[in-house]
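Enquirer:
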Amino acid sequence: AQTVTQSQPEMSVQEAETVTLSCTYDTSESDYYLFWYKQPPSRQMILVIRQEAYKQQNATENRFSVNFQKAAKSFSLKISDSQLGDAAMYFCAYWGNNNDMRFGAGTRLTVKP
Amino acid sequence: EAGVAQSPRYKIIEKRQSVAFWCNPISGHATLYWYQQILGQGPKLLIQFQNNGVVDDSQLPKDRFSAERLKGVDSTLKIQPAKLEDSAVYLCASSPTFGGEKLFFGSGTQLSVL
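These protein sequence lines map, in sequence, to chains A and B. Just so we're aligned: 21 in my numbering is position 21 of the first sequence, and the numbers increase by one with no gaps anywhere. Heads up: take any position in the second sequence, counting from 1, add 1000, and you land on my numbering.
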């Protein structure tokens, strides 16, 4: 079964600085998708960034970028120029052949002014 | 475009009582999911519908949980009787296609079982 591991329960960053959130996963599949979701106190899961496993190029969305290492099964999220609004829970997620989104346990990000 | 609607937003019940949650997915979305998110954990799939048929309910505790999707649109998730360990946020998500990885989430229902 596919598993997703986020080893950092909490992270903090100074406003305008850069922070990296870690994620590793376990799978025997070759074709899959990886995601980072943001969950603010409103509880709604908001898609931050999406990576297709067959693409070697790392995905970027404005201040958000990923470091996708397929062989190492690693998928980290880098947030540049952190803003107060970035504070939230961040979940790494895996989508494979089961058509089921598998989530990690999450990382709580605090942004200090 | 309206998002995924869920109600109620909060629910507090005593153990052994019954409770129901409602979800209205984005119009035209064929696939609907219910997830359970226990405090400090990521969401876990309970059940997946394709139109009004169940695709996967392998992780649904069927002795107490039930779900239906009326006419392939709205869905209701019920717990009867509730246990303390059912305290969680129940998230509904929908997707425009079956097998598609683009999920749209609602804001969830936070259930507290006392």
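Note that beta-carbon positions come from the ideal geometry of N, C-alpha and C, so glycine has one too.
With a threshold of 8 angstroms between beta carbons, is F1115(B) in contact with chain A?
Expert: Beyond the ends of chain B as shown, which are 1001 and 1114, falls residue 1115(B); an answer cannot be given.
Enquirer: Reducing DSSP to helix, strand and coil, say where G96(A) ends up.
Expert: Translated into the one-based positions of the first sequence, residue 96(A) becomes position 96. It is coil, neither helix nor strand.
Enquirer: Does any residue of chain A have a CB that is nearer than 8 angstroms to the CB of F1021(B)?
Expert: Walking along the second sequence from the start, residue 1021(B) turns up at place 21. For F1021(B), the answer is no, since every Cβ of chain A falls outside 8 angstroms of its Cβ.
Enquirer: Which residues, in chain order, does the stretch 89 to 102 of chain A contribute to contact with chain B at a C-beta distance below 7 angstroms?
Expert: From the stretch 89 to 102 of chain A, only F91, W95, N99, D100, M101 have a Cβ closer than 7 angstroms to chain B.
Enquirer: What are the boundary residues of the beta strand (DSSP E) that includes Q57(A)?
Expert: The residue given as residue 57(A) occupies position 57 in the first sequence. Premise fails: Q57(A) is in no beta strand (DSSP E) and is neither H nor E.
Enquirer: Please confirm whether M11(A) has its beta-carbon closer than 8 angstroms to some beta-carbon of chain B.
Expert: Within the first sequence, residue 11(A) is the residue found at index 11, counting from 1. It does not: the Cβ of M11(A) has no partner Cβ on chain B nearer than 8 angstroms.
Enquirer: Taking N99(A) as the reference, give the member of D1057(B), G1106(B), R1016(B) with the closest Cα.
Expert: For this step, residue 99(A) is matched to residue 99 along the first sequence. That would be D1057(B), whose Cα lies nearest to the Cα of N99(A).
Enquirer: Considering only the beta carbon of each residue, do E29(A) and G85(A) sit closer than 8 angstroms?
Expert: Counted from its first residue, the first sequence places residue 29(A) at position 29. Counted from its first residue, the first sequence places residue 85(A) at position 85. No.
Enquirer: Any Cβ of chain A within less than 8 angstroms of the Cβ of P1043(B)?
Expert: Locating residue 1043(B) in the second sequence gives position 43, counting from the first residue. It does: the Cβ of P1043(B) has a partner Cβ on chain A nearer than 8 angstroms.
Enquirer: With contact counted as at least three CB pairs below 8 angstroms, one residue from each stretch, are the stretch 6 to 24 of chain A and the stretch 69 to 89 of chain A in contact?
Expert: Contact holds: three or more Cβ-Cβ distances are below 8 angstroms.
Enquirer: Quick one, which of G106(A), M101(A), P113(A) has its alpha-carbon nearest Q8(A)'s?
Expert: Residue 8(A) sits at position 8 when you count from the first residue of the first sequence. Checked all of G106(A), M101(A), P113(A); the closest Cα to Q8(A) is G106(A).
Enquirer: Could you please give the first and the last residue of the uninterrupted beta strand (DSSP E) stretch that includes G1053(B)?
Expert: What you label residue 1053(B) is simply residue 53 of the second sequence in a count that begins at 1. 1053 to 1056 is the extent of the beta strand (DSSP E) around G1053(B).
Enquirer: Would you say G122(A) lies against chain B (beta-carbon separation less than 8 angstroms)?
Expert: Missing from the structure shown is residue 122(A); chain A here goes from 1 to 113 and no further.
Enquirer: Please state whether DSSP places L77(A) in a helix, a strand or coil.
Expert: Within the first sequence, residue 77(A) is the residue found at index 77, counting from 1. Strand, per DSSP.
Enquirer: Please report the distance separating the alpha-carbon of K90(A) from that of D31(A).
Expert: By one-based count along the first sequence, residue 90(A) stands at place 90. By one-based count along the first sequence, residue 31(A) stands at place 31. The displayed chain sequence assigns Tyr, not Lys, to residue 90(A). Distance between the alpha carbons of Y90(A) and D31(A): 23 angstroms.
Enquirer: Do the stretch 1091 to 1107 of chain B and the stretch 1029 to 1049 of chain B touch if we need at least three Cβ pairs shorter than 8 angstroms?
Expert: Yes: the two stretches touch, three or more of their Cβ pairs being nearer than 8 angstroms.
Enquirer: Can you tell me whether D1086(B) is buried or exposed, with buried defined as 16 or more other CB within 10 angstroms of its CB?
Expert: As a first step, residue 1086(B) is located in the second sequence; it is residue number 86 there, counting from the start. The residue in question, D1086(B), is buried, as its Cβ has 16 or more Cβ neighbours within 10 Å.
Enquirer: Would DSSP call K1071(B) helix, strand or coil?
Expert: In the second sequence, residue 1071(B) corresponds to position 71, counting from 1. If DSSP states are grouped into helix, strand and coil, K1071(B) belongs with the helices.
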